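Input: a single structure, listed below in structure tokens.
Numbering (this note's numbering), first residue to last: -2 to 725.
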């Protein structure tokens, strides 16, 4: 047994000295950096290297065929960390890591895992191995000025506790910060044998991981023996790495037994390459190749038994099966388990071994993690980011409109702008749990409405941090910037002039023409006469003096219009004629009512525009608002000639152009967004909309990533809460 003290140089020398003693397998090392160096030597000597602590994922590459990992790879640990970050919907993290094979390999795996969860590492803060407190403090002060407040610490235990001690002294263990430590922290706490008050005080609220070791009878029987041994020799207590180390010894013992049982003998041969340097003071020629070392490696990889750490069995890439981690939250004088992670079930509050026989959609896995006490002794989930301090306010672009100032306009107040869109923005940011400093900058010359596409372009070019106003969310703009939730519904609609209708006392006669009224009168008399002919011989109600019979025919005929006739028919033919006539009367009544309702309520269009299709097929001029996306839509999407389009700037321009008409220098119709049209029609009632809204969009606030994009992403309901209610 050799102790390298995690020194790569010492580890290399002692490993070569150990291999010179004709060993058939090597247990260890605990350092990934040393494992990288030794792996090259054991590859040439064909000696299996079983490590219970080297977790660098790159050691699983085909470059190291004789390296066998008897612990969990950091590839899976970083997947667990990424799942935690995704669970709390943090998009960016800062990785603090030691700049060696162990640190670089783990952080590379973390970056890949976060990318799968639509997150990323915003900054990689590396520390030299064995970094002092001064270097650590300088690094922490640097990352504290950045935007992200989520830190993933993947370092060696010797410098890890210094990181948290320095962070506490800098005030970085307070509310709003998130610290996630890999399993080095849990191994330090588990191995200490007692609770270190300084360690727990400096790590309050930290989330850490620990390789999951399922409770078993073997573990329960072994723990008392290990505890007695550690007390006698004043050594560290039991941890997950202790379990893997214990299983590694049994792994080699089982493999050697199987190797010998298969008829193989332990023998060594000379390495010809090393013989060429015989006589060197390093005595490298004493290193010999293990004959049938590949067969011993095969027996190691074929292991399948239950150990202290659980099932000992290897995958094709020489890693243990069923990787799983406990997720711990440090608080008070210890820590508590808030959940588990496994590559089978992801995050869960149930132990991984209990989920292998349960369907993944079971309700046992609905709650993914228990509540966490975060730094600052708060149970409220930290936002995970802050505005980086740059000494300046956010620049908010505001269009300087010359029309429809109800939405946004210049003002003499302290903000310099006002309007509905400005009120929505102010109301939304007032709901955020942190202050947002901003200044409003007008965009446009004030002579005409500015181009909103140009305004969005300025946001994408970082000239503005965000833009507010009546900005339509359309496809080409979403490719440049991100938008908030729409705060009002919009879309294009047609406006056309309507013919004025005057009130008329004789309007009830208009549904039918004069000829139609005459025909109906004759029909009523004809039907009454036919019924009288069929009934008067047998029905006393149709008898009397000639004058009475004429009055009966007239009254009976016209009362059927209201189904109010009082005379009963007795003959079969009379009833048949009456039945057919009542059906005809029903149709006449329905047609009359519908026509009269339409005449009294619906205005007629004077321009002849019936809808979008008729407008496109005509050659009439079409008006649009200056600066609106409507022009591009009409030209590019509807293929309307640009020569037919007339730019208009204000509601008065709209009214004047519609009154003139297409043939007199005006327009036949105007296509504009629904909110503008509603304001226009509220002022000019002699115009009306035609058809339905034929594009569906909305108005939103444009913003760029990463800084201003946080305004609404941190609370997406703020905009929705300020949307006007829909009409019932």
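Think of the CB as a built atom: it goes at the ideal place given N, C-alpha and C, for glycine as much as any other residue.
Just so it is clear, the structure is predicted and the values come from calculations on it, not from any experiment.
(request) Examine the Cβ distances between the stretch 676 to 692 and the stretch 640 to 659 and report whether three or more of them are shorter than 8 Å. (result) yes
(message) Quick check on residue 577: buried or exposed, where buried means 16 or more other Cβ atoms within 10 Å of its Cβ?
(response) Taking the chain shown and counting its residues from 1, the one referred to as residue 577 is at position 580. Residue 577 is exposed by the Cβ-count criterion.
(request) Could you check the C-alpha separation between residue 361 and residue 209 for me, to the nearest Å? (result) Taking the first residue of the chain shown as position 1, residue 361 is located at position 364. Taking the first residue of the chain shown as position 1, residue 209 is located at position 212. Because the pLDDT of residue 361 is 45, which lies under 50, any placement of that residue in the model is unreliable, and the number read from its coordinates should be weighed accordingly. Spanning the two alpha carbons is a distance of roughly 19 Å.
(request) For my contact list, residue 674 and residue 492 are in at a C-beta cut-off of 8 Å; report their separation, rounded to the angstrom. (result) As a working note, residue 674 is residue 677 in the chain shown. As a working note, residue 492 is residue 495 in the chain shown. Residue 674 to residue 492, Cβ: 6 Å. Contact.
(request) Count the C-beta pairs between the stretch 30 to 47 and the stretch 167 to 174 that are closer than 8 Å, then say yes if the count reaches three, no if not. (result) no
(message) On the criterion of 16 or more Cβ atoms from any shown chain inside 10 Å, does residue 50 qualify as buried, or is it exposed?
(response) One-based indexing of the chain shown puts residue 50 at position 53. With 16 or more other Cβ atoms within 10 Å, it is buried.
(message) Using a 10 Å radius around the Cβ and a threshold of 16 neighbouring Cβ atoms, would you call residue 670 buried or exposed?
(response) Residue numbering aside, residue 670 sits at position 673 when the chain shown is read from its first letter. Under this definition residue 670 is a buried residue.
(message) Once the 5 residues before and after residue 251 are set aside, which same chain residues still bring their CB inside 7 Å of it?
(response) The sequence position of residue 251 within the chain shown is 254, counting from 1. 300, 302.
(request) Spell out the partners DSSP gives residue 120 in its beta bridges. (result) Here residue 120 refers to the residue found at position 123 when the chain shown is read from its first residue. The partner list for residue 120 (beta bridge, DSSP) reads 91.
(message) Can you tell me whether residue 342 is helix, strand or coil according to DSSP?
(response) For the purposes of this step, residue 342 is identified with residue 345 of the chain shown, where counting begins at 1. In this structure, residue 342 counts as coil in the three-state DSSP scheme.
(request) Could you check what DSSP says for residue 266 in three-state terms: helix, strand or coil? (result) Indexing the chain shown from 1 puts residue 266 at position 269. Of the three classes helix, strand and coil, the one that applies to residue 266 here is strand, per DSSP.
(message) So residue 676 and residue 627 are supposed to be a Cβ contact under 8 Å. How far apart are they, rounded?
(response) Within the chain shown, residue 676 is the residue found at index 679, counting from 1. Within the chain shown, residue 627 is the residue found at index 630, counting from 1. 16 Å between Cβ atoms; not a contact.
(request) For residue 656, write down the residues that DSSP places opposite it in a beta bridge. (result) Taking the chain shown and counting its residues from 1, the one referred to as residue 656 is at position 659. Paired residues: none, contrary to the question.
(request) Let me know if residue 131 comes out buried or exposed under the rule of 16 or more other beta-carbons within 10 Å of its beta-carbon. (result) As a first step, residue 131 must be located in the chain shown, where it is residue number 134. Per the 10 Å Cβ criterion, exposed.
(message) Please identify the residue among 117, 103, 79 whose C-alpha is closest to the C-alpha of residue 89.
(response) Residue numbering aside, residue 89 sits at position 92 when the chain shown is read from its first letter. The shortest Cα separation from residue 89 among 117, 103, 79 belongs to 117.
(request) Just tell me which of 343, 542, 629 has its CA closest to the CA of residue 472. (result) Numbered from 1 along the chain shown, position 475 holds the residue referred to as residue 472. Closest by alpha carbon: 629.
(request) Pick out whichever of 328, 345, 333, 314 has its Cα sitting closest to the Cα of residue 321. (result) In the chain shown, the residue the question calls residue 321 occupies position 324. Of 328, 345, 333, 314, the residue nearest in Cα terms is 345.
(request) Verify whether the separation of the beta carbon atoms of residue 697 and residue 666 is less than 9 Å. (result) Residue numbering aside, residue 697 sits at position 700 when the chain shown is read from its first letter. Residue numbering aside, residue 666 sits at position 669 when the chain shown is read from its first letter. No. Outside cutoff.
(request) Kindly list the residues whose CB is nearer than 7 Å to the CB of residue 435, restricted to its own chain and excluding five residues on each side of it in sequence; keep chain order. (result) Along the chain shown, one-based indexing puts residue 435 at 438. 390, 391, 393.
(message) Does the contact criterion of 3 or more C-beta pairs under 8 Å hold for the stretch 105 to 112 versus the stretch 132 to 143?
(response) no
(request) Look at residue 329 and residue 175 and say whether their C-beta atoms are less than 9 Å apart. (result) What you label residue 329 is simply residue 332 of the chain shown in a count that begins at 1. What you label residue 175 is simply residue 178 of the chain shown in a count that begins at 1. Not a contact, by the Cβ cut-off of 9 Å.
(request) Thinking residue 96 and residue 33 are a contact (beta carbons under 8 Å), I'd like their distance in whole angstroms, please. (result) Taking the chain shown and counting its residues from 1, the one referred to as residue 96 is at position 99. Taking the chain shown and counting its residues from 1, the one referred to as residue 33 is at position 36. Actually they are not in contact, since the Cβ atoms of residue 96 and residue 33 sit about 14 Å apart, beyond 8 Å.
(message) Measuring only the C-alpha atoms, how far is residue 567 from residue 591?
(response) Along the chain shown, one-based indexing puts residue 567 at 570. Along the chain shown, one-based indexing puts residue 591 at 594. If I take the Cα positions, the gap works out to 35 Å.
(message) So that I know if they touch, is there some Cβ in chain C lying closer than 9 Å to that of residue 619?
(response) This model lacks chain C altogether, as it is built from one protein chain only.
(message) Measuring straight from C-alpha to C-alpha, what distance separates residue 82 and residue 429?
(response) Taking the chain shown and counting its residues from 1, the one referred to as residue 82 is at position 85. Taking the chain shown and counting its residues from 1, the one referred to as residue 429 is at position 432. The straight-line gap from Cα to Cα measures roughly 22 Å.
(request) May I have the straight-line CA-CA distance separating residue 155 from residue 123, to the nearest angstrom? (result) Residue mapping note: residue 155 aligns to position 158 of the chain shown, counting from 1. Residue mapping note: residue 123 aligns to position 126 of the chain shown, counting from 1. Distance between the alpha carbons of residue 155 and residue 123: 15 Å.
(request) Could you pull out every residue in the same chain whose Cβ sits closer than 8 Å to the Cβ of residue 383, ignoring the five residues on either side in sequence? (result) Sequence index remark: in the chain shown, residue 383 carries index 386 (1-based). Cβ neighbours of residue 383 beyond the five flanking positions: 144, 146, 173, 431.
(request) Go through the stretch 131 to 157 residue by residue and report every complete run of the beta strand (DSSP E) that reaches 3 residues or more, in order. (result) 147 to 151
(message) DSSP three-state label for residue 676, please.
(response) Here the question's residue 676 lines up with position 679 in the chain shown. Residue 676 falls in the helix class under three-state DSSP.
(request) Helix, strand or coil for residue 558, going by three-state DSSP, please let me know. (result) To locate residue 558, count along the chain shown from 1; it is residue 561. Residue 558 falls in the helix class under three-state DSSP.
(request) Could you tell me whether the stretch 509 to 521 touches the stretch 446 to 456, using the rule of 3 or more Cβ pairs below 8 Å? (result) no
(message) Looking at the secondary structure, which residues open and close the alpha helix (DSSP H) in which residue 456 lies?
(response) What you label residue 456 is simply residue 459 of the chain shown in a count that begins at 1. Here the alpha helix (DSSP H) through residue 456 covers 449 to 457.
(message) Taking the alpha carbon of residue 637 as the reference point, which residue from 480, 651, 613, 648 has its own alpha carbon closest?
(response) Here residue 637 is taken as the residue at index 640 of the chain shown, counted from 1. Residue 637 has its Cα closest to that of 613, out of 480, 651, 613, 648.
(request) Tell me, please, whether the stretch 195 to 208 touches the stretch 367 to 381 by the rule of three or more beta-carbon pairs shorter than 8 Å. (result) yes
(message) Nearest by alpha-carbon distance to residue 288: which of 264, 239, 532, 651 is it?
(response) As a first step, residue 288 is located in the chain shown; it is residue number 291 there, counting from the start. Checking every option, the nearest Cα to that of residue 288 belongs to 264.
(message) I need the DSSP call for residue 101, collapsed to helix, strand or coil.
(response) As a working mapping, residue 101 is identified with position 104 in the chain shown. Here residue 101 sits in helix by DSSP.
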